[in-house]
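Report on the following structure.
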Amino acid sequence: MEAAPAAVMERERLTAEMSFRGDADADAAQLGAGTGTERLPSIIIKIRRRLPDFARSVNLKYVKLGIRHGGSPTSYLPMLCVPVLASAAYSFVRLDVIYYSIDLLTCVAWLGTAMLLLTVYYFKRPRPVYLVEFACYKPDDQHKISKEAFLDMTESTGCFNDKALEFQTKITNRSALGDETYLPPGVQARPPRLNMAEARLEAEAVMFGCLDALFASTGINPRRDVSILIVNCSLFNPTPSLASMIIHHYSMREDVKSFNLGGMGCSAGLIAVDLAKDMLQAHPNSYAVVLSTENITLNWYFGNDKSMLLSNCIFRMGGAAALLSNRRADAGRAKYRLLHTVRTHKGATDECFNCVYQREDEGGQVGVSLARELMSVAGDALKTNITTLGPLVLPLSEQLKFLKSLMMRRVFRAKGVRPYIPNFRRAFEHFCVHAGGRAVLEEVQRSLSLEDKDMEPSKCTLHRFGNTSSSSLWYELAYAEAKGRVKRGNRVWQIGFGSGFKCNSAVWRALRDVPAVSPTAGPALAPEKKSCNPWVDCVAKYPPKAYV
1 MEAAPAAVME
11 RERLTAEMSF
21 RGDADADAAQ
31 LGAGTGTERL
41 PSIIIKIRRR
51 LPDFARSVNL
61 KYVKLGIRHG
71 GSPTSYLPML
81 CVPVLASAAY
91 SFVRLDVIYY
101 SIDLLTCVAW
111 LGTAMLLLTV
121 YYFKRPRPVY
131 LVEFACYKPD
141 DQHKISKEAF
151 LDMTESTGCF
161 NDKALEFQTK
171 ITNRSALGDE
181 TYLPPGVQAR
191 PPRLNMAEAR
201 LEAEAVMFGC
211 LDALFASTGI
221 NPRRDVSILI
231 VNCSLFNPTP
241 SLASMIIHHY
251 SMREDVKSFN
261 LGGMGCSAGL
271 IAVDLAKDML
281 QAHPNSYAVV
291 LSTENITLNW
301 YFGNDKSMLL
311 SNCIFRMGGA
321 AALLSNRRAD
331 AGRAKYRLLH
341 TVRTHKGATD
351 ECFNCVYQRE
361 DEGGQVGVSL
371 ARELMSVAGD
381 ALKTNITTLG
391 PLVLPLSEQL
401 KFLKSLMMRR
411 VFRAKGVRPY
421 IPNFRRAFEH
431 FCVHAGGRAV
441 LEEVQRSLSL
451 EDKDMEPSKC
461 TLHRFGNTSS
471 SSLWYELAYA
481 EAKGRVKRGN
491 RVWQIGFGSG
501 FKCNSAVWRA
511 LRDVPAVSPT
521 AGPALAPEKK
531 SCNPWVDCVA
541 KYPPKAYV
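For the sequence shown, full-length UniProt numbering puts the final residue at 548, and the numbers step up evenly by one.
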C-alpha cells in the first residue's frame, strides 16, 4: 500500500516537507475553549513541485536530433577535400618498385574535384551572425516601486478579497524581488488608468528608449540601414502593430521586412533571434533589429483567482533591443557571434498546452493562469532542450562519458548504471536562465548542478528588475558585462521558457573582451548618447548579501 503513494509522488515530481507548529502555538492550543479537551500539537506537511531528475531518463531520439542539428551538408565539404587532395598528391608522385611515374591527367582531375568542392562550400556556407550591440531599457526613477508600496497599491484598489491580499503578500515577500523594480504609471495611478492610450505610452517608452540607446551606441541610421525588424510582445498586440509603430517613429525604409510575434510567452526573445538568423541567411549584407518586451498596463489582473495573481507579483516593466548583422566587416566591432539556436515545443500535449493559459475567471476578469503542473512541464521541456543541445556544445570527453553510460545500459543491460548527465559548466562560461521566479531558478540550478556564481546574473536580474519576460535574458547578459566577466572566447548560454509550452536556447561566443562599466559612466554620457547597460549606476551593490 505504501508503494502506490510513492509512485504518485515520483510521477508528479513532488517533495514533502514536514514541520511542527511552534511551541507557543501548541501551548495555546493545548486546551479547548474552556472544555478541558486536550489537543495535540499539529503537524504541517508542505508538498512542493520540483523539476524532474535528469539522471533518471534520457530520450535517445533527442540526442540524435542534436547530432542532425549540428550542421548542413555543405559544412562537411571541407572534410571531403582532404582525401581528394591526398589522392591528387598520390597521383602526382606514385612510388613504383623502380622509378617514379607522373600521372598529370589524374592529378588534374583530383585537383579539379577539390576546387569544385571548395567553391561550392564558399558560396553555400552559412553566413555568420554577429551580435553587434544590445541595449536594455531602464525606466525613470519615478516608476520605481518597492514591495511595501506594491502591497499598499494592491490593497487600495479595493478589487481583492482578504484571501487574495494575503496570497499576494506571501508571494511578494518570497519572490526575491527587490525594492527598486518598475511598474508603468497607468498601473500605479489612483485609480488605475488601464486603457489603450496608457498601454501605448508604456510600449513607446520602452521600445523607443532602448532603440534610441542602441542606435546612438552603434551609429546605425534606422532610416537607411535596418533591413529586418522583429518585435515580440505576447499580450499586447494593437493595430497598427508594435513593429509598425517603430517603423513610423524612425521613418524606416519602405522595403524593411518586419515581423510582429505575439502570444509566444517569455521565450519569444530567442524565437525572434532564431528568426533573425534565418532571415540573415537569406539576405546578405544586412542588419536585423530584434526588440523584446512585454506590456503590463492592459494585462494587470483584478480578480481573486490565485492561479492568476502570481503574474501581478513578479512581472515588471522592461524591454531590450539587439542589433544583429551578417556583414563580415562587423566582425571586428561585434561583441558576440551566434553559434547555435535550439527550439523545443511541447504543445502537442494538453498538460503542456494548458499550463500557461490566458482566460477569464469566474467573475469575468481576464488573466494568465499558471497551472500546478508548470514546474514539471518546464522540467520536461528543459530536459528535451539540453539533450538536443548537448552534442552541439559539449566537449568530446563529456560526450564519451555519456556514450559509455548509454552503452552500458542499452547494449550490455548492466543493472544499477544511471545515465551520465554531462557537466555543462565545461561547455559554457556564462549562464543566462530566464528570471521567471525564485523557485524556477533554484530548481534549474539544482538540476544542472550549477554554482551560485553561475546563477548570479539571473538572481540579481530578478531582484533588481523583476520578471521582464523575454527581455530578462538580455538584462542578465548585461549584468555579466557590467561586472567585466565576459572575455574573448567565452561561451554564453541563454535559456528561455514560455507558454505553449516552449524551452529555447541560444549559444553565443564572445569575440572580444567586454570592459566593466564604470559607476560614473551614466552621468558623464552626453544626453543624446544613453548607456546601453542598465546596471551602470547599481552594479556595485550586487550581488546582495542574500545571494552571496
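From the three backbone atoms N, C-alpha and C, an ideal C-beta is built for every residue, glycine too.
Go ahead and pull the three-state DSSP assignment for residue i.
{"i": "V539", "result": "helix"}
{"i": "E198", "result": "helix"}
{"i": "N295", "result": "coil"}
{"i": "K170", "result": "helix"}
{"i": "E204", "result": "helix"}
{"i": "K502", "result": "strand"}
{"i": "I421", "result": "coil"}
{"i": "D212", "result": "helix"}
{"i": "G416", "result": "coil"}
{"i": "R438", "result": "helix"}
{"i": "T239", "result": "coil"}
{"i": "R127", "result": "coil"}
{"i": "E38", "result": "Reliability of the predicted coordinates at E38 is poor, the pLDDT of 45 falling under 50, and no value is obtained from them."}
{"i": "M1", "result": "Low confidence applies to M1: its pLDDT is 43, below 50, so where it sits in the model is not reliable, and the reading given next is rough at best. The answer is coil: DSSP assigns M1 none of H, G, I, E or B."}
{"i": "V517", "result": "coil"}
{"i": "G112", "result": "helix"}
{"i": "I247", "result": "helix"}
{"i": "Y62", "result": "Note that Y62 scores a pLDDT of 49, beneath 50, so its modelled location is shaky; the value from the coordinates is reported in the next line. Correct three-state label for Y62: helix."}
{"i": "R512", "result": "coil"}
{"i": "S217", "result": "helix"}
{"i": "R426", "result": "helix"}
Pull the bridge partners of residue i from the DSSP assignment, please.
{"i": "K335", "result": "Its beta-bridge partners do not exist; DSSP assigns none."}
{"i": "G364", "result": "According to DSSP, G364 bridges with nothing at all."}
{"i": "Q358", "result": "V368"}
{"i": "T181", "result": "I145"}
{"i": "residue 550", "result": "Summary: the structure shown does not reach residue 550, with the chain confined to residues 1 through 548, and so no result is reported for it."}
{"i": "K163", "result": "Looking at the DSSP assignment, K163 forms no beta bridge with any residue, so it has no partner."}
So that I know if they touch, is there some Cβ in chain C lying closer than 7 Å to that of residue i?
{"i": "A109", "result": "Given the protein chain composition of this structure (a single chain), no chain C is represented."}
What first and last residue would you give for the beta strand (DSSP E) that runs through residue i?
{"i": "residue 630", "result": "Absent from the model: residue 630. The displayed extent of the chain is 1 to 548, so no value can be given."}
{"i": "H430", "result": "H430 to V433"}
{"i": "V132", "result": "Y130 to C136"}
What are the start and end residues of the alpha helix (DSSP H) that includes residue i?
{"i": "L151", "result": "K147 to S156"}
{"i": "V187", "result": "P185 to Q188"}
#### Entry: Runs of beta strand (DSSP E) wholly within the stretch 443–496 (minimum 3 residues, chain order)
none
### Task
Decide yes or no for the touch test of the stretch 162–177 against the stretch 436–448: beta carbon pairs closer than 8 Å, at least 3 of them.
yes
### Query
Taking the runs of the alpha helix (DSSP H) that are 4 residues or longer, which of them lie wholly in the stretch 377–410?
396–410
### Query
Would the stretch 382–397 and the stretch 309–329 be scored as touching if the rule is three or more Cβ pairs under 8 Å?
no
### Query
Are three or more beta carbon pairs between the stretch 445–462 and the stretch 256–267 nearer than 8 Å?
no
### Message
So within the stretch 250–305, which uninterrupted beta strand (DSSP E) runs reach at least 3 residues, ignoring any that extend past its ends?
### Response
257–261 and 287–293
### Task
Starting from the N-terminal side, write out each stretch of the beta strand (DSSP E) that is 3 residues or longer and does not extend beyond the stretch 306–355.
319–325 and 336–345
### Message
Does the stretch 392–407 come into contact with the stretch 470–477, if we say contact requires no fewer than three beta-carbon pairs (one atom in each stretch) closer than 8 Å?
### Response
no
### Message
Within 8 Å, do at least three Cβ pairs link the stretch 209–224 to the stretch 484–502?
### Response
no
### Any 3 or more C-beta pairs closer than 8 Å across the stretch 157–166 and the stretch 130–138
no
### Query
Can you find at least 3 beta carbon pairs, one from the stretch 222–231 and one from the stretch 273–287, that sit closer than 8 Å?
yes
### Task
Report yes or no: do the stretch 299–318 and the stretch 344–364 share at least 3 C-beta pairs separated by less than 8 Å?
yes
### Query
Is the stretch 275–282 touching the stretch 348–355 in the sense that three or more CB pairs, one from each, lie closer than 8 Å?
no
### Task
Please confirm if the stretch 198–208 is in contact with the stretch 310–320, defined as three or more CB-CB distances below 8 Å between the two stretches.
yes
### Task
For the stretch 478–489 and the stretch 509–517, state whether three or more C-beta atom pairs, one from each stretch, are separated by less than 8 Å.
yes
### Query
When the Cβ atoms of the stretch 306–314 are set against those of the stretch 360–379, are three or more pairs found closer than 8 Å?
yes
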